[in-house]
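Chains A and B, in that order, give the protein sequences. Be aware that the first sequence starts at 1, since it is given in our numbering, and climbs by one per residue. Be aware that the second sequence starts at 1001, since it is given in our numbering, and climbs by one per residue. No residue lacks a Cβ here, since even glycine has one placed at the ideal position from N, Cα and C. Keep in mind the model is a prediction, meaning the values are calculated, not measured. In what follows, a single structure is set out as structure tokens and then discussed.
Protein chains: 2
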Amino acid sequence: MGHNGGKGIPLVVMRRLPVYQRYLDELARLDIDRISSPELAKRIGITASQLRQDLSWFGSFGLQGYGYNVRELLKAINSIIGLDKENPMILLGYGNLGRAIAGYEGFRRRNFQLLAAFDTNPAVHGPSEYGFNVYDTNEIPQFLDNNPVKIGIITTPAETAQKMVDLLVAHGVEGIWNFAPVRITAPPGVCVEHLHLVNSLMTLSLRLNQKTPVNRQEN
Amino acid sequence: MGHNGGKGIPLVVMRRLPVYQRYLDELARLDIDRISSPELAKRIGITASQLRQDLSWFGSFGLQGYGYNVRELLKAINSIIGLDKENPMILLGYGNLGRAIAGYEGFRRRNFQLLAAFDTNPAVHGPSEYGFNVYDTNEIPQFLDNNPVKIGIITTPAETAQKMVDLLVAHGVEGIWNFAPVRITAPPGVCVEHLHLVNSLMTLSLRLNQKTPVNRQEN
């Protein structure tokens, strides 16, 4: 039911799906078969009724008194997110951030495959420690024409990010995951998800700063 | 007015503050003195009335027909977030992710200072390319007792993340920015901001997956 089931889902619910996926994935790996909606809601930090309301979009899972079947629910959510099929990706920029992402846990288990990385620096070309090859940036077009790539990850310097995005889009990539600290634009139909490291840090600072002055002085 | 001004601000508005800060900071760096609320709202992707409503929490800035004074508004938001004073940080774990964060643009300009990094690997100890020193992990307690540190950044492997958090908290750090892909716990009064890379990637996948099958096959 994945795609059709997903059609009517409100954006706010869609934004919570990855959170549900992470918790259910954790429970499944702990071999927990069932969980009650109050307990799952508590772990996620929302109300049980909110959780039931959200999950009702994907079918009927909870069984009165029995709670949710963890694997069944995880399977449905995975299919909505698109984790039930392969999600081939390439990495543009193979510096520290690129390497960090290449080595990040939890991608492969969710069916995200890193096919290759590209960098202008010849010193990093060749086989990577993570199995894929690192090629020169000028090989991107040929690679994209010969390989199905859903997602391009931008970890280049800010100055080259837009150029890389245009190249990806020109060769059919419809998903851009951007880490470069610069606003990039893409034509309609292309999804750009921008990870703003500094937003997350500012949110932490804001939360610290909104504590009482006394607490802050104790810091 | 920063702290007291922030007291009553709803969480949902507080979550949007970093976004406002980034755009206003960009405008200020482009030497743009004034911007109309419709234009600023459009750049941020919300409605002008939503923007006016949010900003009304920080004082009265917009002038009918003149728009907002960019620097004035930025200054007020910076003070709410806590960017008007120094925010000393340390980095726990100096692998690829740690290095990527150390070299990330936009932190220092916002008054976030990286004082030191700590790693168990002797090979990375000593002066870093970013000015600070990299010490052995067992030097953390002494460093924290001798230096004011507001924020500890966790880029260690998942297995050691909680141990590092406990150590930071035991020595008075009240802000934890966690990149380790594991749930960590901290006592009340300690703010933990967890950056889930995989959430962001799953959101992108979900958006791609919710397009019409036709579009997806063209991918």
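Go through the region 1118-1188 of chain B residue by residue and report every complete run of the beta strand (DSSP E) that reaches 3 residues or more, in order.
1133-1136, 1151-1154, 1175-1178
Taking the straight line between their C-alpha atoms, what separation do you get for G175 of chain A and P1141 of chain B?
44 Å
For the putative contact between D1025 of chain B and L1074 of chain B, defined by C-beta atoms under 8 Å, what is the C-beta separation to the nearest angstrom?
Right, the Cβ-Cβ distance comes to about 6 Å (below 8 Å), so this counts as a contact.
Could you tell me the distance, in whole angstroms, from the CA atom of G152 of chain A to the CA atom of N1146 of chain B?
44 Å
Between A:N209, A:V190, A:L114, A:N199, which has its C-alpha nearest K1211 of chain B's C-alpha?
Ranking A:N209, A:V190, A:L114, A:N199 by Cα distance to K1211 of chain B puts A:V190 first.
Name the chain B residues whose beta carbon is nearer than 7 Å to that of V19 of chain A?
N1199
Examine the Cβ distances between the region 1014-1022 of chain B and the region 189-207 of chain A and report whether three or more of them are shorter than 8 Å.
yes
Among A:W57, A:G59, A:P38, A:F58, which one has its Cα closest to the Cα of S49 of chain A?
The option with the nearest alpha carbon to S49 of chain A is A:P38.
My output table needs one value for E1193 of chain B: the three-state DSSP class, helix, strand or coil.
strand
Taking DSSP as the reference, what is the three-state secondary structure of E83 of chain A?
The sequence shown places Leu at residue 83 of chain A, rather than the Glu named in the question. Shown here, L83 of chain A sits in coil according to DSSP, grouped into three states, outside any helix or strand.
Please list, in chain order, the chain A residues whose beta carbon lies closer than 8 Å to that of K1163 of chain B.
Near K1163 of chain B there are no residues of chain A at all, since even the closest Cβ is about 18 Å away, more than 8 Å.
Within a Cβ cutoff of 8 Å, which residues of the same chain sit near E193 of chain A, ignoring the five residues on either side of it in sequence?
Take E193 of chain A, set aside five residues on each side of it, and the residues of its chain with a beta-carbon closer than 8 Å to its own are G175, I176, W177, N178, in chain order.
Distance, Cα to Cα, A1170 of chain B vs P1187 of chain B?
10 Å
Run the CB neighbour count on I1035 of chain B, radius 10 Å, all protein chains shown included, and call it buried at 16 or more, exposed below.
Burial call: buried.
Using only CA atoms, which one of A:F107, A:L92, A:F143 lies nearest to K163 of chain A?
A:L92
Does chain B have any CB closer than 8 Å to the CB of F107 of chain A?
yes
Give the DSSP bridge partners of L73 of chain A, in chain order.
Note: L73 of chain A sits in no beta bridge, so no partner.
Expressed to the nearest angstrom, what Euclidean distance is found between the alpha-carbon atoms of I32 of chain A and N1199 of chain B?
Rounded to the nearest angstrom, the gap between the Cα atoms of I32 of chain A and N1199 of chain B is 22 Å.
Could you give the DSSP three-state label for L24 of chain A: helix, strand or coil?
helix
Skipping 5 residues on each side, what residues in its chain have a beta carbon closer than 6 Å to that of F118 of chain A?
L92, Y135, T137, I140
Please list, in chain order, all residues of the same chain as N111 of chain A whose beta carbon is under 6 Å from its beta carbon, the five residues on each side excluded.
Within the same chain, and ignoring the five residues on either side of N111 of chain A in sequence, the residues whose Cβ sits closer than 6 Å to its Cβ are L83, E86, N87.
Of the choices A:L30, A:L208, A:F107, A:S56, whose alpha-carbon is the least far from that of P220 of chain A?
Outside the modelled stretch of chain A, which goes from 1 to 219, sits residue 220 of chain A, for which no answer is possible.
Quick one: is W177 of chain A near chain B, going by C-beta distance under 8 Å?
yes
In three-state DSSP terms, what is I1046 of chain B?
Of the three classes helix, strand and coil, the one that applies to I1046 of chain B here is coil, per DSSP.
DSSP on G1103 of chain B, reduced to helix/strand/coil?
coil
Compile a chain-ordered list of the residues in the region 72-96 of chain A whose CB is closer than 8 Å to at least one CB of chain B.
Contact residues of the region 72-96 of chain A toward chain B are I80, I81, G82, L83, N87, G95, N96 (C-beta to C-beta distance below 8 Å).
Taking only the alpha-carbon atoms, compute the straight-line gap between R207 of chain A and I1081 of chain B and give it to the nearest angstrom.
8 Å
Using beta carbons (cut-off 8 Å, strictly below), is S128 of chain A in contact with chain B?
no
Determine which residues share a DSSP beta bridge with L1091 of chain B and list them.
B:A1117, B:I1153
With a Cβ-Cβ cutoff of 8 Å, do Y1130 of chain B and G1098 of chain B count as a contact?
Against a cut-off of 8 Å, the Cβ pair of G1098 of chain B and Y1130 of chain B comes out as no contact.
Taking the straight line between their C-alpha atoms, what separation do you get for R1108 of chain B and L1114 of chain B?
8 Å
Got a sec: which bits of the region 112-145 of chain A sit with their beta carbon under 7 Å from any beta carbon on chain B, in order along the chain?
F112
Can you look up N1215 of chain B in the DSSP assignment and give me helix, strand or coil?
Unreliable placement is indicated for N1215 of chain B, whose pLDDT of 32 sits below 50; the coordinate value is still reported in the next sentence. Helix.
Is the beta carbon of I90 of chain A sitting closer than 8 Å to the one on A123 of chain A?
No, the pair does not count as a contact, with Cβ atoms beyond the cut-off.
What separation, rounded to the nearest whole angstrom, lies between the Cα atoms of Y1023 of chain B and F1058 of chain B?
17 Å
What does a CB cutoff of less than 8 Å around P127 of chain A pick up in its chain, not counting 5 residues either side in sequence?
N133, V134
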